[in-house]
Amino acid sequence: MYYDAAIKLLGILGALFLLETLAMLVVRQMRGLINVYATHSLLLAACAAAVGYLTGSEHLYLVAGLTVLFKVLAIPYTLKRVIHDTLLEKREIHFVFGISGTLLIAGVLSVLAYFTSAALVYPGDTLTRLLLPVGAAVALMGLFITVGRLEAVPQISGLLIMENGVILIAVVTAFGLPLIAEFAMFFDVLVGGLLLGVLVMRLQQHTDTTAAGTLRRLKG
Amino acid sequence: MSSLLVANFLQILVVLLFSPLLKGVTGRLKGVVQSRHGPSIWQPYFDLYKLCRKDEVISEDASWIFRAAPLVSFAVPLLVTVLIPVLTAFPLTWAFMGDMLGGGFILSLGGFFATLAAMDTASPYGQMGSSRTRMVSFLAEPVLMCVFFVVSLVAGSTIPYVVNKAWYLGGKDVIYPSHVLVIIAFFMVILAETGRIPVDNPEGHFELAMIDESKSLEYSGKAFALVKWGGYMKLFVLLTIFMNVLITPLGLAGAVTPVALLLAVGSLLLKMLAGAIVIVVIESSLAKLRLFRVGEFLGAAFVVSLLGLVTFFIGV
Numbered sequence: 003m004y005y006d007a008a009i010k011l012l013g014i015l016g017a018l019f020l021l022e023t024l025a026m027l028v029v030r031q032m033r034g035l036i037n038v039y040a041t042h043s044l045l046l047a048a049c050a051a052a053v054g055y056l057t058g059s060e061h062l063y064l065v066a067g068l069t070v071l072f073k074v075l076a077i078p079y080t081l082k083r084v085i086h087d088t089l090l091e092k093r094e095i096h097f098v099f100g101i102s103g104t105l106l107i108a109g110v111l112s113v114l115a116y117f118t119s120a121a122l123v124y125p126g127d128t129l130t131r132l133l134l135p136v137g138a139a140v141a142l143m144g145l146f147i148t149v150g151r152l153e154a155v156p157q158i159s160g161l162l163i164m165e166n167g168v169i170l171i172a173v174v175t176a177f178g179l180p181l182i183a184e185f186a187m188f189f190d191v192l193v194g195g196l197l198l199g200v201l202v203m204r205l206q207q208h209t210d211t212t213a214a215g216t217l218r219r220l221k222g
Numbered sequence: 093m094s095s096l097l098v099a100n101f102l103q104i105l106v107v108l109l110f111s112p113l114l115k116g117v118t119g120r121l122k123g124v125v126q127s128r129h130g131p132s133i134w135q136p137y138f139d140l141y142k143l144c145r146k147d148e149v150i151s152e153d154a155s156w157i158f159r160a161a162p163l164v165s166f167a168v169p170l171l172v173t174v175l176i177p178v179l180t181a182f183p184l185t186w187a188f189m190g191d192m193l194g195g196g197f198i199l200s201l202g203g204f205f206a207t208l209a210a211m212d213t214a215s216p217y218g219q220m221g222s223s224r225t226r227m228v229s230f231l232a233e234p235v236l237m238c239v240f241f242v243v244s245l246v247a248g249s250t251i252p253y254v255v256n257k258a259w260y261l262g263g264k265d266v267i268y269p270s271h272v273l274v275i276i277a278f279f280m281v282i283l284a285e286t287g288r289i290p291v292d293n294p295e296g297h298f299e300l301a302m303i304d305e306s307k308s309l310e311y312s313g314k315a316f317a318l319v320k321w322g323g324y325m326k327l328f329v330l331l332t333i334f335m336n337v338l339i340t341p342l343g344l345a346g347a348v349t350p351v352a353l354l355l356a357v358g359s360l361l362l363k364m365l366a367g368a369i370v371i372v373v374i375e376s377s378l379a380k381l382r383l384f385r386v387g388e389f390l391g392a393a394f395v396v397s398l399l400g401l402v403t404f405f406i407g408v
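In order, the protein sequences belong to chains E and H.
Per this note's numbering, the first sequence starts with residue 3, numbered consecutively.
Per this note's numbering, the second sequence starts with residue 93, numbered consecutively.
Right, dumping it as C-alpha cells:
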C-alpha cells in the first residue's frame, strides 16, 4: 500500500524537480537563487528517500539525511554568510539568451535528455524510467545555467544544480554510491561552495563587479 | 431523460449562484492573509444587487455590439457549463455537443465580444485593455493546445466526461511527470485567462495598469453587473474544469438522486475552497508582473506544457 503511494510520489517529485530547475533558470535575485537551490535539494532528498524505501536500500535514507544537512542547510547558509549582503540583494539584469530564449533552450535540452536516456532504461523498470531522464535533464540544465548566465552567483548555482542532477542519476541507477564516496562527495560540494563564495567576494573586491560573463580582459 | 435535464439545470444553477461566493471567499481569505478583516464573503452578491438597481449610461455612438457583449459574456460560461462535469460523473443531456476544444472556443467567443465592445466606445483605456487581453490570450493559446493534446492523447477523447475517468491520477499505478507538468501549466493559464496575479491585478484601480478590468470601464448598471457576473462564472467554470477533469472526479454524483447531488454540490464547494486557497497564496506571495514580463510567464507555462507533451511521448 505504501509502496504504491511511494511510486506515485516519485512521479510527482520528478515533475517538481524539473519545475524547480526551470525556476532556477529564470530567477533574477541572488538570494532567491540560493533559496530555490535549497528547495531543489530538498526535493532531491525526498527522491532519494522514496527510492530508498522502494528498493529497500536503507543507506539511501542516510543520503537523504546528508542531502538535507549539507545542501538544504549548510551550503545555502555558508553561501549567504560568505557572500556579502550588498551582492545578495542585487538582481541580474542581463541573461545571455533572454528569459524566453533561456526557457526554450531548456525545453530543448530536456527533450534531448529524454531522448538519450529513454534508450538506457530496461523495459519495465518504472523507477529508472521515471527519474533517469529527469536527472539527465537537470544535469544538462545545470550546465546551461553556468553557461547562460553572466553573474558569478548564478553560475555557482548552475554547478550545484548540475551536481544535484548527477546525484539523482546515481541514486536511481546504482541506488547510491558506497558510503565513503558519498561522504567525500558531500564534503567536496560543501568546500567547493565555500571556495566559490570566497572567490566571488574576491572578484567583487578586485573588479567591483561579479558579472563574470562580461569580464573580457585582465585588469591590473 | 427528464432527470438528466433536471441535473443539467441544477448544474447551471450551481455555477450561477455560487460563482460570486468563490470571489467573495477569495477576497475574504486575502484579507485574512494580509491581516486585515477583509470584506464579507457575500460582498459580490451585494455588489451585483446594487448594480442591478442602478441606471445605465450608454454612449450615443455605441453600436449593438456594446449592448450585446454583456449578454454574451454572461451566457458563455453557462454554455460551457453544460459541456463539463460540474456535479455528475456521467454525461448529461448536452455533454456530447462539444468537447474541450469546443468549450475553449465558446469561452474565447466571450473574450472576442468583450474586446470588440471595449473598442466600440472609442475610450482609450478600453482599446489599450483589449489589445493587452488579446496579447495575453494569444500567448496562452499554445499552452492550452499542448495541455489539450496531452489530455486527449491519454484519454483517447476530448470529451471532458471521458477525459476525467482516463486521466484520474488515483486510479493509476504510476504517475508520470507529464501529468503533473500539464496540470501546473493549465493552472498557469487559468491565472492568465482570468486576469489574476501575476498577470493582472484583479483589485487594481489604476487604469494604465489594467488588463482585464479596463474592458468593462465603460459599463454601468445592469450591463456592468452582467459583465462582472460573467467574469466570476468564468473563473468558477475554469476552476471546475481544473478540479473535476484534471485533478479528481472524486465526489461527483453517480446517480441523479437528491442526496447524491447535494453531496456533489458540497464536494464541489470544498474543491473550490481549495482552489481559492491556492489562488490566495499565489496572489499574496507574488507581485504583478510588468506587462512585458507576461510573455515570460506564459513562455514558462508553454515550456512546462511542452515538457509535459514530450515526456508523455518519450517517458511513457
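Glycine included, every Cβ here is placed at the ideal spot set by N, Cα and C.
Quick caveat, the model's predicted, so the values are computed rather than measured.
So, does the CB of E/Gly199 fall closer than 7 Å to a CB anywhere in chain H?
No - not a single Cβ of chain H is within 7 Å of the one on E/Gly199.
Where does E/Arg218 fall in DSSP's three states?
Of the three classes helix, strand and coil, the one that applies to E/Arg218 here is coil, per DSSP.
Excluding the five sequence neighbours on either side, which residues of its own chain have a C-beta within less than 6 Å of the C-beta of E/Leu145, listed in chain order?
Counting only Cβ-Cβ distances below 6 Å, and skipping sequence neighbours, we find Met164.
Which listed residue (H/Val239, H/Met335, H/Phe101) has its alpha carbon closest to that of H/Gly400
Closest in alpha carbon position to H/Gly400, among H/Val239, H/Met335, H/Phe101, is H/Val239.
According to DSSP, is E/Thr209 part of a helix, a strand, or is it coil?
Under the three-state reduction of DSSP output, E/Thr209 falls in the helix class.
Can you give me, in chain order, the residues of the stretch 102 to 134 of chain H that have a beta carbon less than 7 Å from any beta carbon in chain E?
If the cut-off is 7 Å between Cβ atoms, the stretch 102 to 134 of chain H has nothing near chain E.
Separation of E/Tyr5 from E/Glu91, as counted between CA atoms:
About 44 Å.
With 7 Å as the threshold, decide whether the Cβ of H/Leu399 is near any Cβ in chain E.
Chain E places a beta carbon closer than 7 Å to that of H/Leu399, counting this residue as a contact.
Those residues which DSSP pairs with E/Gln31 across a bridge:
Answer by DSSP bridge pairing, in chain order: E/Arg93.
Under 8 Å, with one C-beta from each stretch per pair, do the stretch 321 to 329 of chain H and the stretch 110 to 127 of chain H reach the 3-pair mark?
With contact defined as three or more Cβ pairs closer than 8 Å, the stretch 321 to 329 of chain H and the stretch 110 to 127 of chain H are in contact.
Can you confirm whether E/Ser102, when its beta carbon is compared against all beta carbons of chain H, has any partner nearer than 7 Å?
Using a Cβ-Cβ cut-off of 7 Å, E/Ser102 counts as an interface residue toward chain H, since at least one Cβ of chain H sits closer than that to its own.
What residues in the stretch 121 to 148 of chain E have a beta carbon less than 8 Å from any beta carbon of chain H?
Of all residues in the stretch 121 to 148 of chain E, Thr128, Arg131, Leu132, Pro135, Val136 have a Cβ within less than 8 Å of some Cβ in chain H.
On the three-state DSSP scale, how would you describe E/Thr23?
Secondary structure at E/Thr23: helix, using DSSP grouped into helix, strand and coil.
Counting only runs that start and end within the stretch 143 to 184 of chain H, where is the beta strand (DSSP E) found for 3 or more residues in a row?
Positions of the beta strand (DSSP E) runs, each at least 3 residues long and wholly inside the stretch 143 to 184 of chain H, cannot be given because no such run exists.
H/Lys307 beta carbon less than 7 Å from that of H/Gly203:
Cβ atoms of H/Gly203 and H/Lys307: not closer than 7 Å.
Measure how close the beta-carbons of H/Ala232 and H/Val281 come, nearest whole angstrom, since I'm counting them as under 8 Å.
Right, their Cβ atoms sit about 5 Å apart.
Contact criterion: CB-CB distance below 7 Å. Does E/Ala17 meet it with respect to chain H?
For E/Ala17, the answer is yes, since a Cβ of chain H falls inside 7 Å of its Cβ.
Determine the contact status of E/Leu15 and E/Gly178, defining contact as a CB-CB distance below 7 Å.
In this structure, E/Leu15 sits away from E/Gly178, with a CB-CB distance that is not shorter than 7 Å.
Using the C-alpha atoms, what's the distance from E/Val173 back to E/Asn37?
In a straight line, the C-alpha of E/Asn37 is about 23 Å away from that of E/Val173.
I'd like to check one pair, H/Phe158 with H/Ala209: are the Cβ atoms closer than 7 Å?
A contact, by the Cβ cut-off of 7 Å.
Interface residues of chain E facing H/Gly391 [CB-CB closer than 8 Å]:
What H/Gly391 touches in chain E: Ile101, Ser102, Leu105, Leu106.
CB contact below 7 Å: H/Pro341 versus chain E:
For H/Pro341, the answer is no, since every Cβ of chain E falls outside 7 Å of its Cβ.
What distance in whole Å lies between the Cβ atoms of H/Ile303 and H/Thr185, which are believed to be in contact at a cut-off of 8 Å?
Contact doesn't hold; Cβ gap of about 37 Å is too wide.
Strictly below 8 Å CB to CB, what residues from chain H border E/Tyr116?
Simply Val402, Thr403, Ile406, Gly407.
Top-ranked residue by Cα proximity to H/Ile275, from H/Val228, H/His297, H/Val243
The shortest CA-to-CA distance from H/Ile275 to any of H/Val228, H/His297, H/Val243 is the one to H/Val243.
Rounded to whole angstroms, how far is the Cβ of E/Leu152 from the Cβ of E/Ala214, which I believe are closer than 8 Å?
Yes, they are in contact, since the Cβ atoms of E/Leu152 and E/Ala214 sit about 7 Å apart, within 8 Å.
The alpha helix (DSSP H) enclosing H/Ala366, as first and last residue numbers:
For H/Ala366, the enclosing alpha helix (DSSP H) stretches over residues 350 to 377.
Measuring CA to CA, which of E/Glu184, E/Ala154, E/Ser159 is closest to E/Leu24?
Answer by Cα proximity: E/Ser159.
May I have the straight-line CA-CA distance separating E/Ile182 from E/His86, to the nearest angstrom?
The alpha-carbon of E/Ile182 is positioned some 34 Å away from that of E/His86.
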